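J.: Before I ask anything, let me first share the structure, which is written out below as structure tokens.
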Amino acid sequence: MDLLRSAGRTRGQLVLGLGVVAAPLAAILGLGATVHLITRSRIVSLDRVPHAPVALVLGAEVFADGTPSAFLRARLDLAAELYRRGLVEKLLLSGDGRSRFYDETGGMLRYLEGLGIDPDALLVDPAGLDTYASCRRARDEFGVRRMVVVSQRYHLPRALAICQAIGVDAWGVGDETARTSSRTWAYGVRRELAANLKLVWDLLTKNR
Numbered sequence: 042m043d044l045l046r047s048a049g050r051t052r053g054q055l056v057l058g059l060g061v062v063a064a065p066l067a068a069i070l071g072l073g074a075t076v077h078l079i080t081r082s083r084i085v086s087l088d089r090v091p092h093a094p095v096a097l098v099l100g101a102e103v104f105a106d107g108t109p110s111a112f113l114r115a116r117l118d119l120a121a122e123l124y125r126r127g128l129v130e131k132l133l134l135s136g137d138g139r140s141r142f143y144d145e146t147g148g149m150l151r152y153l154e155g156l157g158i159d160p161d162a163l164l165v166d167p168a169g170l171d172t173y174a175s176c177r178r179a180r181d182e183f184g185v186r187r188m189v190v191v192s193q194r195y196h197l198p199r200a201l202a203i204c205q206a207i208g209v210d211a212w213g214v215g216d217e218t219a220r221t222s223s224r225t226w227a228y229g230v231r232r233e234l235a236a237n238l239k240l241v242w243d244l245l246t247k248n249r
């Protein structure tokens with residue numbers, strides 16, 4: 042009888058433990074699905090993106106010499122193509138540019154100038170320290186009310202959800218060439234699921 046009671050307690054503890062783990066996981070997955078659902082019609086290909094005054098290019102890692110990482114180069118190449126096709130008039134480069142030892146926006150600027158993009162078409166925001174800050178500052182500091190957001194495709198739902206919440210009419214064009222770095226891409230997808238929690242926090246505490 043004692044063994045039966047002990048087994049029953051063990052099963053109960055196991056079920057409770059699984060519930061404690063499963064509930065937050067389900068909430069994270071549900072939030073991710075909701076963000077995708079409300080933004081999916083706004084993620085389009087180059088051939089379908091409507092004209093906008095500005096493309097917001099979200100920053101990513103640069104190396105010590107300022108050279109953009111492969112993921113960032115892919116974003117910049119996509120932004121350059123938007124500009125060359127006349128789909129946008131300006132490129133707003135937003136990232137962490139606060140230090141001469143690590144300057145995402147400086148590297149982005151030099152890369153696009155190296156591609157022959159007109160320097161007068163390049164705007165720089167070195168205080169875009171995260172996705173929320175980049176979108177919010179595009180509106181508040183640069184007066185942007187309509188734009189195309191450029192990043193890896195898995196990043197776009199969160200960025201577009203932020204834009205929708207703060208009243209910016211935004212479309213997203215996403216890079217998928219970086220999928221060749223399968224491990225890094227998979228990490229980015231997982232990171233976005235968790236980052237949706239930050240999205241909610243930012244909108245609740247910063248959306249003034």
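By my numbering, the letter at position 8 of the sequence shown is numbered 49, and the numbering carries on one by one without gaps. For glycine and all other residues, C-beta sits at the position ideal for the given N, C-alpha and C. Fair warning: this is a prediction, and the values are worked out from it, not measured in the lab.
Along the chain, where does the alpha helix (DSSP H) that runs through GLY148 open and close?
T.: GLY148 -> alpha helix (DSSP H) spans 145 to 155.
J.: Compute the beta-carbon to beta-carbon distance between ALA120 and VAL95, rounded to the nearest angstrom, for a pair I have assumed lies under 8 Å.
T.: The Cβ separation is near 10 Å, so there is no contact.
J.: Please name the residue, chosen from SER222, THR221, LEU201, that lies closest to TRP212 on a Cα-to-Cα basis.
T.: LEU201
J.: Output the boundary residues of the beta strand (DSSP E) element that contains GLY138.
T.: Counting along the chain, GLY138 falls outside any beta strand (DSSP E), and DSSP gives it neither H nor E.
J.: Could you pull out every unbroken alpha helix (DSSP H) segment of at least 4 residues lying fully inside the stretch 76 to 136, listed in chain order?
T.: 111 to 125
J.: Which residue comes first and which comes last in the beta strand (DSSP E) that contains SER192?
T.: Unbroken beta strand (DSSP E) run through SER192: 187 to 193.
J.: Assuming contact is defined by CB atoms lying nearer than 8 Å, are SER161 and GLU182 in contact in what I supplied?
T.: Here residue 161 turns out to be Asp, not Ser, going by the sequence shown. Cβ distance not < 8 Å, so ASP161 and GLU182 don't count as in contact.
J.: Give me the Cβ distance between SER222 and ALA111, rounded to the nearest whole Å; I'm assuming they're in contact under 8 Å.
T.: 6 Å
J.: What number of angstroms, rounded off, separates the C-alpha of GLY215 from the C-alpha of ARG116?
T.: 8 Å
J.: Let me confirm a value: VAL76 is counted as buried when at least 16 other C-beta atoms fall within 10 Å, else exposed. Which label applies?
T.: Burial call: buried.
J.: Hey, which unbroken runs of the alpha helix (DSSP H) at 4 residues or more fall wholly within the stretch 163 to 227?
T.: Correct list: 172 to 181, 197 to 207.
J.: Just the Cα atoms here: how many angstroms apart are PRO91 and TYR143?
T.: 34 Å
J.: Please state whether the Cβ-Cβ distance between ILE84 and ARG194 is less than 8 Å.
T.: yes
J.: What do you reckon, are the CB atoms on VAL185 and GLU145 nearer than 8 Å?
T.: no
J.: Cα-Cα, which of TYR173, ALA74, GLN205 is closest to ASP243?
T.: TYR173
J.: Under the assumption that ALA93 contacts ARG187 (Cβ atoms under 8 Å), give the Cβ distance between them as a whole number of angstroms.
T.: About 5 Å; that satisfies the 8 Å criterion.
J.: State the DSSP-derived secondary structure class of ALA63, mapped to helix, strand or coil.
T.: Any reading at ALA63 needs caution, since the residue's pLDDT is 47, under 50, leaving its predicted position unreliable; the model's value is listed next. Reduced to three states, the DSSP call for ALA63 is helix.
J.: Would you tell me roughly how many angstroms separate the C-alpha atoms of ARG220 and LEU134, rounded to the nearest one?
T.: 23 Å
J.: In whole angstroms, what separates the C-alpha of VAL241 from that of LEU113?
T.: 25 Å
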